[in-house]
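The numbering of the sequence shown is our numbering, which starts it at 14 and goes up by one.
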Amino acid sequence: MRTNFKNQGYLLLTTGNDQIISIIICKPGLRSIKKKIIQAILEDFNANKAVILANATLIENAVTTIFKAQIDSDVVSFEEYFKLKILPAY
14 MRTNFKNQGY LLLTTGNDQI ISIIICKPGL RSIKKKIIQA ILEDFNANKA VILANATLIE
74 NAVTTIFKAQ IDSDVVSFEE YFKLKILPAY
């Protein structure tokens, strides 16, 4: 997962059911956001491992991006859908 923004941007990371997980700050240029997404998922789900099952580059005028991740904890392993939406900042 990468961004290619002309200016600094912000992405809202939610579950497929629109539960807010985090806001991810994205610097201008071609940047990887994979580590930030994984960190947010691990903390929110109290998991040991998360693997993003998609590869996309988000640009400033993109619509909501939906992707799936495999989440592993000590108790259970499951797949969950997530959404990334670009937030306007004023």
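Ideal Cβ placement from N, Cα and C applies to all residues, glycine included.
Continuous alpha helix (DSSP H) stretch holding residue i: start and end
i, result
"ILE46", "Element bounds for ILE46: n/a, residue is neither H nor E."
Span of the beta strand (DSSP E) around residue i
i, result
"GLU93", "90-100"
"VAL64", "62-65"
"ALA9", "Residue 9 falls outside the range modelled here, since the chain spans only 14 to 103, and no answer is possible."
"GLY22", "22-28"
"ASN17", "15-18"
Residue i: CB within 8 Å of a non-hydrogen atom of the ligand SAM
i, result
"VAL76", "The model depicted lacks the ligand SAM and carries no ligand whatsoever."
Status (buried if at least 16 other CB within 10 Å, exposed otherwise) for residue i
i, result
"PHE18", "buried"
"ILE99", "buried"
"THR16", "buried"
"ALA102", "exposed"
"ILE72", "exposed"
From the options, residue whose alpha carbon lies closest to that of residue i
i, options, result
"GLY22", "CYS39, THR28, ASN30 and THR16", "CYS39"
"GLY42", "LEU55, THR28, ILE54 and ASN20", "ASN20"
Neighbourhood of residue i by C-beta distance below 8 Å, restricted to the same chain and skipping five residues each side
i, result
"SER90", "GLN83 and ILE84"
"GLU92", "LEU66, LYS81, ALA82, GLN83 and ILE84"
Cβ shell of residue i (< 7 Å), same chain only, five flanking positions each side left out
i, result
"ALA75", "ILE99"
Residues of its chain near residue i, where Cβ-Cβ distance is below 6 Å and the 5 sequence neighbours each way are ignored
i, result
"ILE51", "ALA63"
Touch check for the stretch 59-73 and the stretch 26-37: three-plus C-beta pairs under 8 Å? Of all C-beta pairs linking the stretch 59-73 to the stretch 26-37, fewer than three are shorter than 8 Å, placing the two stretches out of contact.
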